[in-house]
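Just below is one structure, and these are the notes that go with it.
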């Protein structure tokens with residue numbers, strides 16, 4: 001294959017993977033089947049490793065394919081599969097078009113202490129059972145958050161504008177999608193990261209991949225021994241500098257005519273620019289063994305240095321997740337309804353509610369990489385990124401936000417069907433409808449029936465298992481009563497409660513470990529499909 005065709009093929013494959021991955025996050029009309037989404041994410045390295053540990057199956061062995069391909073051909077994953085890497089290439093492409101410089105890139109020294117230090121921290125954090133460091137550094141998860149919290153809202157806004165125009169012309173091929181924003185903390189964090197990635201790739205190409213990304217560092221170690229590499233022929237090379245200027249990894253040292261293969265992402269940008277045919281993508285020569293030399297400026301890490309680094313990592317790796325316990329505050333007494341009313345009681349969970357299929361909070365926190373795919377796919381928007389709900393260890397991981405966002409649809413298993421890491425395991429619909437994520441807690445003091453003498457039954461009306469029923473109260477009114485054995489913790493009662501958060505009259509207290517609810521009697525189960533615009 002000609003060198004120009006090799007690069008074109010890589011670009012075509014990269015754009016295909018990027019487009020499909022992006023669409024899986026912004027698919028607001030649910031056009032892409034869950035199985036197809038899983039196939040797209042199959043080769044993503046960190047999710048595949050985490051899922052393989054859970055199921056030990058070839059269906060989750062995408063990372064093994066990546067490792068084998070890296071041994072054979074170098075870091076193909078980084079150049080053609082990784083969505084964050086391809087996103088950086090897009091910004092680099094824009095920079096090259098806008099900035100007309102004869103020498104765009106040039107060789108830069110490596111920073112092995114930073115690279116291998118971050119890789120060591122990521123591995124150690126995984127070993128001790130916390131995924132926070134992996135969440136922050138994993139390229140796929142970072143790309144997923146950019147797609148979910150930065151690109152999807154713009155896409156939804158554009159859809160709504162077009163849908164409004166078409167509906168004005170009585171064309172209903174599109175419909176308005178509810179736009180639910182993540183918290184400002186999450187939005188600002190992801191936006192700043194997006195800007196940082198754009199700036200680094202605009203100025204320095206793949207600097208993030210070859211300095212911060214633990215996946216890039218790990219695959220870089222493997223690619224040093226790759227069978228097929230980009231190689232410079234010293235006999236033919238005239239040191240014109242075109243290859244080094246095209247290298248977005250800044251890993252071609254013309255002075256020594258060496259390539260730092262740990263940083264080369266196999267993008268093939270250097271191949272078609274060489275007019276002397278001095279740089280080729282070939283197998284190693286049997287006559288002359290090519291050794292990877294330590295490039296100038298790269299320091300080796302000796303045993304004492306490695307031990308010191310590990311000790312430093314060990315001393316700082318324990319991350320404590322603290323769940324704050326807020327204290328209620330009185331809102332004073334007032335007249336109305338049934339006379340003097342007591343102050344509201346603060347309705348605050350001791351434990352957050354994790355998605356169905358996650359089994360337990362501890363397990364979920366250790367496996368979820370906070371990529372945002374389940375949040376993006378949730379049809380009711382009940383899954384929202386956590387800020388403090390799990391403590392620091394679960395930053396940006398999804399939790400069930402019944403008070404502000406939505407409820408868990410009784411007939412939906414979408415999040416468990418598409419989770420790429422196994423943090424949310426697949427559930428059949430029957431299993432999901434009996435999985436108890438938490439239990440409803442009724443706070444009589446806050447209920448409008450008790451406080452205001454007002455007729456209400458929103459919680460009971462929308463409960464799919466009839467765990468909330470209405471019982472006689474006084475003055476001809478009825479008031480909610482909860483049977484926690486039947487409750488599955490879906491939040492269909494909490495979400496429509498007319499009392500403002502954080503004083504909901506009924507709320508879901510999360511189960512640290514998911515349980516099995518009792519199956520409601522046939523005459524009690526009268527579930528009706530819930531409208532998307534429910535409840536008020």
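In this note's numbering, the protein residues as written are 1 to 536.
All C-beta atoms, glycine included, are put in the ideal place defined by N, C-alpha and C.
Opening and closing residue of the beta strand (DSSP E) in which residue i lies
i	result
residue 515	506-516
residue 481	478-482
Proximity winner among the options, relative to residue i (alpha-carbon distances)
i	options	result
residue 209	417, 145, 76 and 358	76
residue 469	475, 458 and 251	458
residue 439	484, 266, 257 and 217	484
residue 433	413, 441 and 448	413
residue 25	240, 262 and 141	141
residue 460	493, 242 and 169	493
residue 383	392, 391 and 415	415
residue 364	172, 50, 245 and 14	50
residue 184	388, 442, 444 and 445	388
residue 121	278, 12 and 218	218
residue 486	499, 441, 445 and 449	441
residue 521	475, 466, 481 and 221	466
residue 86	10, 111 and 223	10
residue 43	166, 215 and 90	215
residue 65	88, 41, 118 and 213	41
residue 345	499, 83 and 403	499
residue 281	74, 446, 52 and 161	74
residue 175	106, 182 and 164	164
residue 230	272, 200, 204 and 193	272
residue 104	138, 359 and 250	250
Residues that residue i bridges to, as DSSP identifies them
i	result
residue 438	510
residue 471	479
residue 360	513
residue 258	253
Where residue i falls: helix, strand or coil (DSSP)
i	result
residue 282	strand
residue 12	helix
residue 249	coil
residue 345	coil
residue 107	coil
residue 443	coil
residue 215	helix
residue 350	coil
residue 489	coil
residue 452	helix
residue 370	coil
residue 290	For residue 290, the predicted structure reports a pLDDT of 41, less than 50, and the residue's modelled location is therefore unreliable. A value from the coordinates is still provided. Of the three classes helix, strand and coil, the one that applies to residue 290 here is coil, per DSSP.
residue 77	helix
residue 150	helix
residue 242	helix
residue 5	helix
residue 296	Its pLDDT being 43, under 50, residue 296 is placed unreliably in this model, and the value from its coordinates should be taken loosely. Correct three-state label for residue 296: coil.
residue 167	helix
residue 210	coil
residue 265	coil
Alpha helix (DSSP H) segment containing residue i, residue limits
i	result
residue 230	Looking at the DSSP string, residue 230 is not in any alpha helix (DSSP H); the run it does join, the beta strand (DSSP E), is 228-232.
residue 120	112-127
residue 98	83-98
residue 141	139-146
residue 40	34-41
residue 589	For residue 589 there is no data in the structure shown, the boundaries of the chain being 1 and 536.
residue 177	Unbroken run through residue 177: none, as it is neither H nor E.
residue 52	45-55
residue 275	Run containing residue 275: none; DSSP gives neither H nor E here.
residue 460	458-462
Cβ-heavy atom distance, residue i to the ligand FMN, below 8 angstroms
i	result
residue 494	Absence of the ligand FMN is noted for the structure shown, with no ligands found whatsoever.
Below-9 angstroms beta-carbon distance, residue i vs any chain D residue
i	result
residue 95	Absent from the structure: chain D. Only one protein chain is present.
Any alpha helix (DSSP H) of 4 or more consecutive residues that is wholly inside the stretch 381-438: 414-418 and 429-432
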